[in-house]
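A.B. asks: I'd like to ask you about the structure that follows.
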Amino acid sequence: MTKIKICGITRLEDALDACLAGADAIGFNFSSTSPRQITHEKAQAIINKLPPFVHSVGIFVEHSPQEINTICRLCKLQVAQLHSEQYRPEHAQAITEAKVIKVFRPEEDFSVQEVIEFTRNSGTNTFLFDTYRHDMAGGTGEGIMAPLARRIFRQLGTSCFAILAGGLNATNVREAILSTRPYGVDTASGVESKPGFKDSEKVIAFIRAV
-4 MTKIKICGIT
6 RLEDALDACL
16 AGADAIGFNF
26 SSTSPRQITH
36 EKAQAIINKL
46 PPFVHSVGIF
56 VEHSPQEINT
66 ICRLCKLQVA
76 QLHSEQYRPE
86 HAQAITEAKV
96 IKVFRPEEDF
106 SVQEVIEFTR
116 NSGTNTFLFD
126 TYRHDMAGGT
136 GEGIMAPLAR
146 RIFRQLGTSC
156 FAILAGGLNA
166 TNVREAILST
176 RPYGVDTASG
186 VESKPGFKDS
196 EKVIAFIRAV
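In my numbering, the protein residues as written are -4 to 205.
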């Protein structure tokens, strides 16, 4: 079964709706550059209400490993998603309060050797691939070019746990899964009425499509 993460949660009702619909993970964006930014106090209050078997994921863009550890500890986050090129293997190793997902935003010339090297030097075995855009770290609503995504996921095979993100919604997620065979899929804008506000019908449709 393909794992599902609903990202950019800012409201308790949206988190619970996603859980009831069948989401495996809920994402909270702590970046000051995101229209879906959430404070750690608000995230903590939501996480405390999540049911068992649903993982909480923190998205970090400009935070130091020390700050990430602090937020993960305060919020009881289970996973830290490193959503910036600034995070190197040594940064991933320094995160001790949660498991790590490293994000890559590939361009056409991307080499999976970068993933292999990151694993070798950090021990990280889970990666998320999102659309590259210089002015936004994520939640762009734009997808990775299909040929590029197919190549990356085919070359990676079963060497790691690879998650597909970028422009996914209920109408295109099934085709994307059949094309890339990812470990998981991630969506934010694809299930929203506006940034940070999820549309429960879109969430249900997305999860059913997976």
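Every residue gets a Cβ at the ideal spot worked out from N, C-alpha and C, and that includes glycine. Given the structure is predicted, the values throughout are model-derived calculations rather than measurements.
(1) If we require 3 or more residues per run, which beta strand (DSSP E) segments fall completely within the stretch 133 to 199?
(2) Looking at L173 and the ligand COA, is the gap between the Cβ and the nearest heavy atom below 7 Å?
(3) Per DSSP, what kind of secondary structure is A89 in: helix, strand or coil?
(4) When the Cα of T153 is compared with those of T121, I1, E36 and A144, which residue comes out closest?
(5) Quickly, what does DSSP pair V98 with across the bridge? List them, please.
(6) Drop a sphere of 10 angstroms on the beta-carbon of L163, count the other beta-carbons inside from all chains shown, and report buried for 16 or more, exposed for fewer.
(7) Would you mind reading off the limits of the alpha helix (DSSP H) that contains I42?
(8) Are the Cβ atoms of I42 and K71 separated by less than 8 Å?
(9) Which value, in whole angstroms, describes the spacing of the CA atoms of C155 and E57?
(10) Under 7 Å Cβ to Cβ from A87, same chain only, skipping five residues before and after it: list those, please.
(11) Distance check for P46 and G134, CA to CA, integer angstroms please.
(12) Which residue wins for smallest C-alpha separation from V198, given the options T28, D104, A13 and A20?
(13) Does the separation of the CB atoms of V107 and A93 fall below 8 Å?
(14) Measuring straight from C-alpha to C-alpha, what distance separates P101 and L123?
(15) For the beta strand (DSSP E) holding L77, just list the boundary residues, first then last.
C.D. replies: On the basis of the supplied data:
(1) 156 to 159, 179 to 182 and 187 to 189
(2) With respect to the ligand COA, the structure offers nothing, as it holds no ligand at all.
(3) Counting from one through the sequence shown, the residue named residue 89 turns up at place 94. It is helical.
(4) What you label residue 153 is simply residue 158 of the sequence shown in a count that begins at 1. Out of T121, I1, E36 and A144, T121 has the C-alpha closest to the C-alpha of T153.
(5) Translated into positions along the sequence shown, residue 98 becomes position 103. DSSP lists L123 as partners of V98.
(6) Counted from its first residue, the sequence shown places residue 163 at position 168. L163 is buried by the Cβ-count criterion.
(7) Reading the sequence shown from its first residue, position 47 is the one you call residue 42. I42 -> alpha helix (DSSP H) spans H35 to I42.
(8) Here residue 42 is taken as the residue at index 47 of the sequence shown, counted from 1. Here residue 71 is taken as the residue at index 76 of the sequence shown, counted from 1. Taking 8 Å as the Cβ cut-off, I42 and K71 qualify as a contacting pair.
(9) Your numbering for residue 155 matches position 160 in the sequence shown. Your numbering for residue 57 matches position 62 in the sequence shown. For C155 and E57, the distance between alpha carbons rounds to 25 Å.
(10) Locating residue 87 in the sequence shown gives position 92, where the first residue counts as 1. So the qualifying residues of the chain are L77, V95, K97, S117 and T119.
(11) Counted from its first residue, the sequence shown places residue 134 at position 139. Counted from its first residue, the sequence shown places residue 46 at position 51. Low per-residue confidence applies at G134: pLDDT is 48, beneath 50, and the placement is therefore not dependable, though the value from the model is reported in the following sentence. Going from the Cα of G134 to the Cα of P46 covers about 25 Å.
(12) Indexing the sequence shown from 1 puts residue 198 at position 203. Ranking the options by Cα distance to V198, first place goes to A13.
(13) Translated into the one-based positions of the sequence shown, residue 107 becomes position 112. Translated into the one-based positions of the sequence shown, residue 93 becomes position 98. Cβ atoms of V107 and A93: not closer than 8 Å.
(14) For the purposes of this step, residue 101 is taken as residue 106 along the sequence shown, with counting starting at 1. For the purposes of this step, residue 123 is taken as residue 128 along the sequence shown, with counting starting at 1. Rounded to whole angstroms, P101 to L123 spans 10 Å at the Cα level.
(15) As a working note, residue 77 is residue 82 in the sequence shown. V74 to L77 is the extent of the beta strand (DSSP E) around L77.
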